[in-house]
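First up is the structure itself, then whatever we jot down about it.
Protein chains: 2
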Amino acid sequence: MKIGIIGGTGKLGAALGGRWAKAGHTVFLGSRSADSATAVADELRGRLGGDIAGTTNLEAARQAEVVVSCVPFSAQEERLKEIAEAAKGKIFVDCTVPLVPPRVMRVQLPAEGSAAQRAEGFLGEGVRMTSAFHSVAAHKLATDATVPGDVLVFGDEKAARDVVVGLAGDAGLRGLHGGGLPNSAAAEALTSVLIFINKTYRVDGAGLSIIGDLVEPDAA
Amino acid sequence: MKIGIIGGTGKLGAALGGRWAKAGHTVFLGSRSADSATAVADELRGRLGGDIAGTTNLEAARQAEVVVSCVPFSAQEERLKEIAEAAKGKIFVDCTVPLVPPRVMRVQLPAEGSAAQRAEGFLGEGVRMTSAFHSVAAHKLATDATVPGDVLVFGDEKAARDVVVGLAGDAGLRGLHGGGLPNSAAAEALTSVLIFINKTYRVDGAGLSIIGDLVEPDAA
C-alpha cells in the first residue's frame, strides 16, 4: 500500500513510517522541507530496509493511497489545508492529540468535540476520515521492541477503519475498532491522562489496553 | 468510613455498596423510595454481611462522609440539586456517564466538557469534587468475582482523590489517579467506546487497563 505521512519527520511519523516500510508498504515521508524528510527517510531505510523516501507534505499526500497526519495540534489547520485537495477520495488517518501547552496533562478538547472532527472540517467533503495512534509511545515505537497496548481506530466508515486496523497490525500494534469519528474524543482525551499517569507513577510511556475476551468480527 | 450512595438501588450503586459494606464501611444506600432502598440493602446485607441500610437519597447524603452518585445522566440534575446542601464540605464521587440514548455507542460529552464538571455546577461551591467508576462492568462487580481493569479517579484535590483511590481498592479494583476534574472526559467518553467494543467484538464487559511499570506515588 502507498502511504503518505504528513509531518513524517516527527517522532511518531518517523517511527510509523519505518515500521510500515519494513512491513512491505511504500512510504512517502512528508515534511515542509523535502531535504529534512529525505535525511530521515534515508536513515530509516539504512536501519530497517524497505521502500521509504522523503518528500514534501503535498507530494506525500499526492502519491499516497492512505494519508496519515502526524502534525502537532498547533499546526493542524495550516498543514491540512495545504494538502486537502490531494487527500480527496483517500483514506485519511489523523493522529493529532489536542494538547495545549503548557497544561498538557489537562484534557482540553476542541470545540468541534475532537481533533479528528476538527481535521475533517479542514479537509472538507470526500475524504475517508479516520483517526488512530493517539496514545502510542513514539519513542518505544522507534525501536525494534514489541510495543504493548492497543490502538483504537475511529471513523464513520467501517471499510476505512478496517484498513487502518490492518496498518496498526503491520506496525506491530493491536488495532481495534472504536466506533464513529466523534468517539476519537476518548482516545485523544486519554492521552492527557496517560501523560499525568507517567508523571504521577513515574512510568516510561504508560499505555492503554482493552481487556476482555474479544472475538474478531470476521470470526463472528 | 460512612458512605452515602445516591441512586443506590441501580446496578452500579448496589454493587459498590455491597462491596464497601463487606469491606467494613458503613453504607447508607439511598433511593427516591426508602422502601426500595431498604429492600436492596437487606438483600445485600443477607448475602455479603456488613453494615448497610436503605434510606432516601437526601438522608444518605446527610449521614455520609463520602457521597457517591450513581444516578443516570438523564436524572443527574434533579437528583444532585436535591442533595446539594447535604453534600457541602464532603468528598463527592460522581460516577455519571453521559450516555444519550438511543446512541449510547457514540461519544456525546456535555457542553460543560464532562458529566463531572456538569455535576459540580449542580452542587455549587464547597464540595470536594471527584469522579470515578465510569467503565466498571456493574454486573461483574455484583458478583464475588475478581474484576480486572482499572478505575481512573479524577478531581482537582489530590487528598480527595486519595480517598477515592482507596475506596476503589476496598471494592477490589485498582484505582489510579487520572488528574484534574476535566480529565474525567476521557473515562466518560471511553465508556461509549467500550460499549461499541462489546458489541463489535462480542465481549461480556470489556474493560480498561493502564499498562506500564507504575510506581506508587507514596513509594517515590
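Residue numbers (the working numbering), protein chains in the order written: chain A, 1430 to 1649; chain B, 1430 to 1649.
Even glycine gets a Cβ: it sits at the ideal position worked out from N, Cα and C.
Segment limits, beta strand (DSSP E) that includes residue i
| i | result |
| --- | --- |
| D1579 of chain B | 1579-1583 |
| F1521 of chain B | 1520-1523 |
| R1532 of chain B | No beta strand (DSSP E) holds R1532 of chain B; DSSP gives it neither H nor E. |
| V1496 of chain B | 1495-1498 |
| K1510 of chain B | Not the beta strand (DSSP E): K1510 of chain B falls in the alpha helix (DSSP H), residues 1505-1516. |
| M1558 of chain A | 1557-1560 |
| G1607 of chain A | 1603-1608 |
| G1553 of chain A | Per DSSP, G1553 of chain A belongs to no beta strand (DSSP E) and is neither H nor E. |
| L1637 of chain A | 1636-1640 |
| G1395 of chain B | In this structure chain B extends from 1430 to 1649, so residue 1395 of chain B is not present and cannot be described. |
Cross-chain neighbours of residue i in chain B, by beta carbon under 7 Å
| i | result |
| --- | --- |
| G1565 of chain A | Per the sequence shown, residue 1565 of chain A should be read as Val rather than Gly. Chain B residues near V1565 of chain A: none, gap ~12 Å exceeds 7 Å. |
| T1629 of chain A | H1606, P1646 |
| V1622 of chain A | L1581, G1607, G1608, N1612, A1615 |
| L1570 of chain A | By Cβ distance, chain B contributes nothing, its closest Cβ being about 14 Å from L1570 of chain A, past 7 Å. |
| L1619 of chain A | A1615, L1619 |
Chain-ordered chain B contacts of residue i [CB-CB under 8 Å]
| i | result |
| --- | --- |
| L1538 of chain A | L1538, G1542, A1614 |
| R1535 of chain A | G1608, G1609, P1611, N1612 |
| G1416 of chain A | Limits of chain A in this structure are 1430 at one end and 1649 at the other, which puts residue 1416 of chain A out of reach. |
| L1678 of chain A | Residue 1678 of chain A lies beyond the stretch modelled for chain A, which goes from 1430 to 1649, so this question has no answer here. |
First and last residue of the uninterrupted alpha helix (DSSP H) at residue i
| i | result |
| --- | --- |
| G1542 of chain B | Counting along the chain, G1542 of chain B falls outside any alpha helix (DSSP H), and DSSP gives it neither H nor E. |
| F1625 of chain B | 1613-1629 |
| D1599 of chain A | 1587-1599 |
| A1489 of chain B | 1486-1492 |
| S1460 of chain A | Taken as a continuous stretch (DSSP letters only), S1460 of chain A belongs to no alpha helix (DSSP H), being part of the beta strand (DSSP E) at 1455-1460. |
| S1465 of chain B | 1463-1477 |
| G1442 of chain A | 1440-1451 |
| H1568 of chain B | 1567-1570 |
Cross-chain neighbours of residue i in chain A, by beta carbon under 7 Å
| i | result |
| --- | --- |
| D1642 of chain B | V1632 |
Nearest-angstrom Cβ-Cβ length linking residue i and residue j, presumed shorter than 8 Å
| i | j | result |
| --- | --- | --- |
| D1585 of chain B | A1548 of chain B | Wrong, their Cβ atoms sit about 13 Å apart, outside the cutoff. |
| F1502 of chain A | P1527 of chain A | 5 Å |
| V1593 of chain A | T1559 of chain A | 5 Å |
| H1563 of chain A | T1629 of chain B | Incorrect: roughly 19 Å between the Cβ atoms, too far for contact. |
| T1572 of chain A | G1601 of chain A | With a Cβ gap of about 11 Å, T1572 of chain A and G1601 of chain A do not count as contacting. |
| V1556 of chain A | K1519 of chain A | 7 Å |
| V1565 of chain B | D1642 of chain A | Not confirmed; about 17 Å, so no contact. |
| S1638 of chain A | P1577 of chain A | 7 Å |
| G1604 of chain A | A1597 of chain A | 3 Å |
| G1478 of chain A | K1451 of chain A | 6 Å |
| L1570 of chain B | R1448 of chain B | 7 Å |
| E1617 of chain A | A1567 of chain A | Not quite, the Cβ-Cβ distance comes to about 16 Å (not below 8 Å), so this is no contact. |
Proximal chain A residues relative to residue i, where beta-carbon distance stays under 8 Å
| i | result |
| --- | --- |
| G1578 of chain B | I1640 |
| F1502 of chain B | By Cβ distance, chain A contributes nothing, its closest Cβ being about 16 Å from F1502 of chain B, past 8 Å. |
Cross-chain neighbours of residue i in chain A, by beta carbon under 9 Å
| i | result |
| --- | --- |
| F1625 of chain B | H1606, G1607, G1608, G1609, N1612 |
Query - Three or more C-beta pairs below 8 Å linking the stretch 1476-1495 of chain A and the stretch 1450-1463 of chain A - result: yes
Requested in this report: Please determine if the stretch 1620-1629 of chain B and the stretch 1582-1594 of chain B are in contact, where contact requires at least 3 C-beta pairs separated by less than 8 Å.
Outcome: no
Query raised in the report: Below 8 Å, can you find three or more Cβ-Cβ pairs linking the stretch 1509-1521 of chain A to the stretch 1481-1489 of chain A?
Result: yes
Report task. Anything in the stretch 1513-1535 of chain A with a Cβ closer than 8 Å to a Cβ of chain B? List those residues in chain order, please. Result -> M1534, R1535
Query raised in the report: Just checking, does the stretch 1526-1538 of chain A make contact with the stretch 1603-1623 of chain B on the three C-beta pairs under 8 Å criterion?
Result: yes
Query raised in the report: For the stretch 1544-1561 of chain B, which residues have a CB atom closer than 7 Å to at least one CB atom of chain A, in sequence order?
Result: none
Query - Touching by the beta-carbon criterion (3+ pairs, under 8 Å), the stretch 1458-1478 of chain B and the stretch 1436-1446 of chain B - result: yes
Query raised in the report: At a Cβ cut of 9 Å, what residues of the stretch 1470-1493 of chain B count as close to chain A, listed as they run along the chain?
Result: none
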